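Structure first, commentary second.
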Amino acid sequence: MVLCARIPMLNSRRVFLGVGENNLLQQEVATRINKNSIIIPNDHMGYGMGPRGSPRLRKALVSFFNSEFRAFEPVLEKELLILPGVAAVIDALTWSLCNDGEGIITPVPFYTGFKPMTSGRARGVLIPAPFQCVEGYRSLEDIFNPEMNKKALERTLLQATQDGVKVRALMISKYDNPNPEVA
8 MVLCARIPML
18 NSRRVFLGVG
28 ENNLLQQEVA
38 TRINKNSIII
48 PNDHMGYGMG
58 PRGSPRLRKA
68 LVSFFNSEFR
78 AFEPVLEKEL
88 LILPGVAAVI
98 DALTWSLCND
108 GEGIITPVPF
118 YTGFKPMTSG
128 RARGVLIPAP
138 FQCVEGYRSL
148 EDIFNPEMNK
158 KALERTLLQA
168 TQDGVKVRAL
178 MISKYDNPNP
188 EVA
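Residue numbers (the working numbering): 8 to 190.
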């Protein structure tokens, strides 16, 4: 599936060198936390407490979601799953939503690690939605234009369907993370 020949990075093979847990400074960070707060740092320094995340964090998030978003039905702690980073989240979502060869559309540009995160264990397909081939494209600034987003996503969905790829999800991400500018 070639969505846009003008974007060479979409057709290249890349090796994902994601960084795992960094425990190099854990002792220094734990000392600082102990001096400045009332939490137990060892419970929060690694990849979390158990497979669903910290009970304390889930309780706080439920309170926040219910008070700030006023959902029709309250969010329950048992409905939250806290995962240790974007790789784990994308892997879990792909594993849950996609069968082998089914796809997730994401607008371009995106973090290059997303492809191996979707295609690894879950064998999903990350389907880039480029703007450069959309009628009316002017510059990379078009990623902030809702109409251009819609055109790029619709074009990509149509192309994926024609190529026989069943699209199961749309993933939106902040493309420029980490951004050196602080607003």
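C-beta atoms are modelled at their ideal positions from N, C-alpha and C, and glycine is treated no differently. Fair warning: this is a prediction, and the values are worked out from it, not measured in the lab.
Requested in this report: Quick one: using the 10 Å Cβ neighbour count with 16 as the cut-off for buried, is glycine 110 buried or exposed?
Outcome: buried
**Report entry** At least 3 beta-carbon pairs within less than 8 Å: the segment 88-103 vs the segment 146-163
**Finding:** no
Query raised in the report: Can you check whether the CB of alanine 176 is closer than 8 Å to the CB of leucine 104?
Result: yes
**Report entry** Start and end residues, alpha helix (DSSP H) containing threonine 38
**Finding:** 33-43
Requested in this report: Find out if the Cβ-Cβ distance for the pair threonine 101, glycine 60 is shorter than 8 Å.
Outcome: no
Query - CA-to-CA distance, phenylalanine 151 to arginine 145, given in whole angstroms - result: 12 Å
Query raised in the report: Counting along the chain, where does the alpha helix (DSSP H) carrying threonine 101 start and finish?
Result: 93-104
Query raised in the report: Hey, would you say proline 137 sits closer than 8 Å to valine 115, going by beta carbons?
Result: yes
Requested in this report: Would you kindly report the start and end of the unbroken alpha helix (DSSP H) that includes leucine 160?
Outcome: 153-169
Requested in this report: Please classify lysine 181: does DSSP put it in a helix, a strand, or coil?
Outcome: coil
Query raised in the report: How should alanine 129 be labelled, buried or exposed, when 16 other C-beta atoms within 10 angstroms of its C-beta is the threshold for buried?
Result: buried
Query raised in the report: For the beta strand (DSSP E) that leucine 195 lies in, which residues bound it at each end?
Result: The chain is shown from 8 up to 190; residue 195 falls before or after that span and cannot be answered.
Report task. Take methionine 124 and list the residues in its own chain whose beta-carbon comes closer than 6 Å to its own, dropping the five residues that flank it on each side. Result -> Ala94, Ile97, Asp98
Query - Cα-Cα separation, leucine 160 to phenylalanine 71 - result: 32 Å
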